[in-house]
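A.B. asks:
Here it is as structure tokens:
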């Protein structure tokens with residue numbers, strides 16, 4: 001390339017070349033390259049002094065990654081970016097987990113369920129009929145180990161209509177109220193619960209009336225005299241009392257949907273209103289009442305007591321079964337009808353009955369007082385206890401000991 005004055009433009013120097021600053025540019029038309037390349041005429045080529053040349057010291061500037069890109073001057077700067085949503089505000093608390101909600105609902109339902117149970121228990125307890133059955137008297141038997149219940153089934157027809165009396169085959173009103181069933185339940189501090197049948201025709205001493213049938217005590221002085229007579233005859237302190245009538249008994253059986261019983265022998269008793277074949281079958285209320293009342297068998301009162309214990313065990317087994325306790329539509333009618341039909345002592349409550357029912361489930365010992373024979377008296381044909389064996393029998397219970405094997409009569 002030529003300049004305007006005709007001179008050739010000097011080629012650009014390499015980065016390692018150093019221009020000669022002391023020598024002025026040539027005016028003779030030679031190029032700068034020629035001037036630099038030609039030797040100095042004042043010296044011979046061999047005599048030319050050595051001139052040290054050095055490359056310029058360079059310090060490269062490191063490249064910054066965060067350096068913003070260059071912009072054109074005519075391009076306006078971008079607007080500032082918006083802060084993220086929620087910036088500057090307090091962080092939200094973590095949401096509670098679903099499990100916490102489920103646990104709270106479970107607690108609420110549990111509290112409501114507990115309140116319903118407590119309300120039902122209080123209502124049932126208020127439904128019980130109460131009397132003063134365990135009144136103190138002179139020289140009463142002191143407390144004995146364990147808990148003793150006296151369960152009484154009376155022949156009361158109170159509250160029954162004529163149609164109900166006919167349906168239950170009660171035979172109408174037959175004088176003063178008496179006891180059809182007397183069972184002593186002994187719950188020891190440990191071991192098996194014992195059910196002892198006390199024959200209603202047992203010939204015992206009745207305070208104020210001399211010797212008579214045990215069920216006559218109820219007719220003479222009600223529950224108080226009956227409890228006193230049993231305590232004197234057995235030497236056991238009675239802690240609780242429960243009584244049920246004809247209608248109440250049948251109602252409880254029907255509330256449970258009938259009771260499955262294996263009848264040991266055929267029974268045909270028009271007076272009790274039953275005609276049952278031998279074998280396992282389901283008895284409704286009227287049939288069950290006739291079954292525990294009948295004496296139309298070979299051993300009369302002995303078979304009757306055995307039937308009562310057999311049926312009571314079957315009834316308690318069904319009343320405390322999982323199918324009953326887990327079914328509120330069966331449990332509530334049964335509990336309601338039982339509470340309505342029971343008469344207890346003033347100091348007894350529905351939870352005492354619940355403990356009794358729990359003690360009677362499972363392995364129990366059902367027996368009767370040792371019997372010595374029968375005899376005729378002014379009170380009619382009566383049952384005599386075996387005095388020696390009866391004393392051993394009740395002394396074991398009074399001491400909280402198991403009944404001797406030879407006296408169990410299972």
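Residue numbers (full-length UniProt numbering): 1 to 410. Don't be surprised by glycine CBs; every beta carbon is placed ideally from N, CA and C.
Helix, strand or coil, according to DSSP, for residue 141 in the structure here?
C.D. replies: Coil, per DSSP.
A.B. asks: Just to confirm the assignment, what range does the alpha helix (DSSP H) spanning residue 438 have?
C.D. replies: Shown here, the chain extends from 1 to 410; a query on residue 438 therefore has no answer.
A.B. asks: What residue from 342, 118, 404 has the CA that sits closest to residue 248's CA?
C.D. replies: That would be 342, whose Cα lies nearest to the Cα of residue 248.
A.B. asks: Give me the residue from 322, 188, 260, 359 with the minimum Cα distance to residue 147.
C.D. replies: The residue with the shortest Cα to Cα distance from residue 147 is 188.
A.B. asks: Where do the N-terminal and C-terminal ends of the beta strand (DSSP E) with residue 376 fall, by residue?
C.D. replies: That run of the beta strand (DSSP E) goes 371-377.
A.B. asks: Just to confirm my understanding: we take residue 318, look at its own chain, exclude 5 residues before and 5 after, and list those with CB closer than 7 angstroms. What are they?
C.D. replies: Hits under 7 angstroms: 256, 259, 324.
A.B. asks: What are the start and end residues of each continuous beta strand (DSSP E) run of 3 or more residues lying completely inside the segment 226-285, in chain order?
C.D. replies: Runs of the beta strand (DSSP E) inside the segment 226-285: 240-244, 259-263, 267-269, 274-276, 279-283.
A.B. asks: Could you tell me which of 346, 222, 333, 186 sits nearest to residue 395, measuring between CA atoms?
C.D. replies: Among 346, 222, 333, 186, the Cα nearest to that of residue 395 belongs to 186.
A.B. asks: Quick one: what's got a C-beta closer than 6 angstroms to residue 43's C-beta in the same chain, skipping five residues either side?
C.D. replies: In this predicted model, residue 43 has a pLDDT of only 49, less than 50, meaning its place in the structure is not dependable; the value taken from the coordinates is given anyway. For residue 43, where only same-chain residues beyond five positions count, there are no Cβ hits under 6 angstroms.
A.B. asks: Compute the beta-carbon to beta-carbon distance between residue 194 and residue 360, rounded to the nearest angstrom, for a pair I have assumed lies under 8 angstroms.
C.D. replies: Between residue 360 and residue 194 the Cβ distance is about 10 angstroms, and since that is not below 8 angstroms, they are no contact.
A.B. asks: If I follow the unbroken alpha helix (DSSP H) through residue 384, where does it start and stop?
C.D. replies: Segment 380-385 is the beta strand (DSSP E) holding residue 384; no alpha helix (DSSP H) there.
A.B. asks: For a quick check, are the C-beta atoms of residue 219 and residue 250 less than 8 angstroms apart?
C.D. replies: Going by C-beta atoms, residue 219 is not nearer than 8 angstroms to residue 250.
A.B. asks: Can you name the start and end residues of the alpha helix (DSSP H) that residue 182 belongs to?
C.D. replies: Run containing residue 182: none in the alpha helix (DSSP H); it sits in the beta strand (DSSP E), 179-187.
A.B. asks: Residue 227 and residue 353 look like a contact to me (Cβ under 8 angstroms); what is the Cβ gap, rounded to whole Å?
C.D. replies: That pair is no contact at about 17 angstroms.
A.B. asks: Assign residue 154 to buried or exposed, taking buried as 16 or more other Cβ atoms, counted over all protein chains shown, within 10 Å of its Cβ.
C.D. replies: Result: buried.
A.B. asks: If you count every other CB in all the chains shown that lies within 10 Å of the CB of residue 178, and 16 or more means buried, which is it?
C.D. replies: With 16 or more other Cβ atoms within 10 Å, it is buried.
A.B. asks: Do residue 368 and residue 197 have their beta-carbon atoms positioned less than 8 angstroms apart in this structure?
C.D. replies: In contact: residue 197 and residue 368 (Cβ atoms closer than 8 angstroms).
A.B. asks: Within the chosen definition, does the segment 116-125 reach the segment 205-216 through at least 3 CB pairs nearer than 8 angstroms?
C.D. replies: Verdict: no, contact absent.
A.B. asks: I need the DSSP call for residue 346, collapsed to helix, strand or coil.
C.D. replies: Note: residue 346 maps to coil in three-state DSSP.
A.B. asks: How is residue 153 classed by DSSP in three states: helix, strand or coil?
C.D. replies: Reduced to three states, the DSSP call for residue 153 is strand.
A.B. asks: Touch check for the segment 127-134 and the segment 333-349: three-plus C-beta pairs under 8 angstroms?
C.D. replies: Verdict: yes, contact present.
A.B. asks: Taking the alpha-carbon positions, what's the residue 297 to residue 282 distance?
C.D. replies: When rounded, the distance between both Cα atoms is 20 angstroms.
A.B. asks: DSSP three-state label for residue 121, please.
C.D. replies: Helix, per DSSP.
A.B. asks: Rounded to a whole number of angstroms, what is the C-alpha to C-alpha distance between residue 338 and residue 358?
C.D. replies: When rounded, the distance between both Cα atoms is 15 angstroms.
A.B. asks: Use the C-beta contact count for residue 284: other C-beta atoms within 10 angstroms, 16 or more gives buried, fewer gives exposed.
C.D. replies: By the neighbour-count rule (16 or more Cβ atoms within 10 Å), residue 284 is not buried but exposed.
A.B. asks: At what residues does the beta strand (DSSP E) containing residue 197 begin and finish?
C.D. replies: From DSSP, the beta strand (DSSP E) with residue 197 extends over 193-197.
A.B. asks: Would you mind sorting residue 381 into buried or exposed? The rule is 16 or more other CB atoms within 10 Å of its CB.
C.D. replies: Exposed, because fewer than 16 other Cβ atoms sit within 10 Å of the Cβ of residue 381.
A.B. asks: Excluding the 5 residues flanking residue 113 on each side, which residues of the same chain have their C-beta closer than 8 angstroms to its C-beta?
C.D. replies: Same-chain partners within the cutoff: there are none.
A.B. asks: Apart from the five residues on each side of it in sequence, which residues of its chain come closer than 7 angstroms, Cβ to Cβ, to residue 383?
C.D. replies: For residue 383, where only same-chain residues beyond five positions count, the Cβ hits under 7 angstroms are 199, 201, 202, 203, 301, 371, 374.
A.B. asks: Thinking C-alpha only, which one of 242, 277, 388, 272 is nearest residue 294?
C.D. replies: Comparing Cα-Cα distances from residue 294 to each of 242, 277, 388, 272, the minimum goes to 272.
A.B. asks: Span of the beta strand (DSSP E) holding residue 212?
C.D. replies: Looking at the DSSP string, the run of the beta strand (DSSP E) that includes residue 212 is 210-213.
A.B. asks: Can you find the residues in the same chain that come closer than 7 angstroms, C-beta to C-beta, to residue 393, ignoring five residues on each side of it along the sequence?
C.D. replies: Excluding positions up to five away in sequence, the list reads 369, 370, 403, 407.
A.B. asks: Roughly how many angstroms separate the alpha carbons of residue 376 and residue 184, rounded to a whole number?
C.D. replies: Cα to Cα, the separation comes out at about 26 angstroms.
A.B. asks: In three-state DSSP terms, what is residue 365?
C.D. replies: Looking at residue 365 - three-state DSSP - the assignment turns out to be strand.
A.B. asks: State buried or exposed for residue 216, treating a residue as buried only when at least 16 other CB atoms are found within 10 Å of its CB.
C.D. replies: Answer is buried; the Cβ neighbour count reaches 16.
A.B. asks: Exposed or buried, what is residue 234 when buried is set at 16 or more other beta-carbons lying within 10 Å of its beta-carbon?
C.D. replies: Counting Cβ neighbours within 10 Å, residue 234 comes out buried, since at least 16 surround it.
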